[in-house]
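Trainee: Structure incoming, see below.
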Amino acid sequence: QVQLVESGGGLVQPGGSLRISCAASGSISLIRLMGWYRQPPGKERELVATITSGGSTNYADSVKGRFTISRDNAKNTQYLQMNSLKPEDTAVYYCNANSILDINYWGKGTLVTVSS
């Protein structure tokens with residue numbers, strides 16, 4: 123089992139920056155891929171970014187050049203640095219971990235609101 127706990131969400135003005143974190147615990151050695159997903163109000167959950175244990179990253183087109191995913195394996199923590207935030211980035215952001223057994227684990231989510 124893997125447990126994931128997000129932190130760092132909040133209210134930010136358009137054009138601002140925010141960093142959210144996800145601390146993993148439990149069977150950390152089983153994790154092969156970590157990522158962030160988001161669910162805007164009234165919409166489906168969507169992929170934001172992923173990062174492998176080796177540091178390879180992948181981003182949704184909508185966040186490329188603005189968001190950066192990173193991972194500190196020593197701290198069992200991943201981060202999402204979000205810059206140039208837009209109102210359409212408003213969503214609940216979920217931390218995801220995919221195991222070598224292809225099991226997905228999810229955090230409870232953290233709300234990011236971009237508004238003036």
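Residue 123 is where the sequence shown starts when you use this note's numbering, and the numbers rise one by one after that. Backbone N, C-alpha and C define an ideal beta-carbon position, used for all residues, glycine too.
So the candidates are Gln135, Gly176, Leu169 and Tyr215; which of them puts its Cα closest to the Cα of Lys186?
Mentor: As a working mapping, residue 186 is identified with position 64 in the sequence shown. Closest by alpha carbon: Leu169.
Trainee: Between Asn226, Gly157 and Ile150, which lies nearest to Tyr215 when the distance is taken from Cα to Cα?
Mentor: If you number the sequence shown from 1, residue 215 lands on position 93. Considering only alpha carbons, the answer is Gly157.
Trainee: Shortest alpha-carbon distance to Arg160 belongs to which of Ile173, Glu210, Ser238 and Ala145?
Mentor: Your numbering for residue 160 matches position 38 in the sequence shown. Per the Cα distances, Glu210.
Trainee: Using only CA atoms, which one of Thr212, Asn198 and Gln135 lies nearest to Lys165?
Mentor: For this step, residue 165 is matched to residue 43 along the sequence shown. Ranking the options by Cα distance to Lys165, first place goes to Thr212.
Trainee: Just how far apart, CA to CA, sit Met204 and Leu152?
Mentor: Position 82 of the sequence shown, counted from the start, is the residue given in the question as residue 204. Position 30 of the sequence shown, counted from the start, is the residue given in the question as residue 152. The straight-line gap from Cα to Cα measures roughly 27 angstroms.
Trainee: Going by DSSP, what residues sit across from Arg141 in a beta bridge?
Mentor: In the sequence shown, the residue the question calls residue 141 occupies position 19. Arg141 is bridged to Gln203.
Trainee: Determine the extent of the beta strand (DSSP E) in which Arg154 is found, giving its start and end residues.
Mentor: Mapped onto the sequence shown, residue 154 falls at position 32. Start and end: Ile153 to Gln161.
Trainee: I need the straight-line Cα distance from Ser175 to Pro136, nearest angstrom please.
Mentor: Numbered from its first residue, the sequence shown carries residue 175 at position 53. Numbered from its first residue, the sequence shown carries residue 136 at position 14. Distance between the alpha carbons of Ser175 and Pro136 is about 32 angstroms.
Trainee: Val134 to Ser206, Cα distance in whole Å?
Mentor: Locating residue 134 in the sequence shown gives position 12, counting from the first residue. Locating residue 206 in the sequence shown gives position 84, counting from the first residue. Distance between the alpha carbons of Val134 and Ser206: 10 angstroms.
Trainee: DSSP three-state label for Ile222, please.
Mentor: In the sequence shown, residue 222 corresponds to position 100, counting from 1. It is coil, neither helix nor strand.
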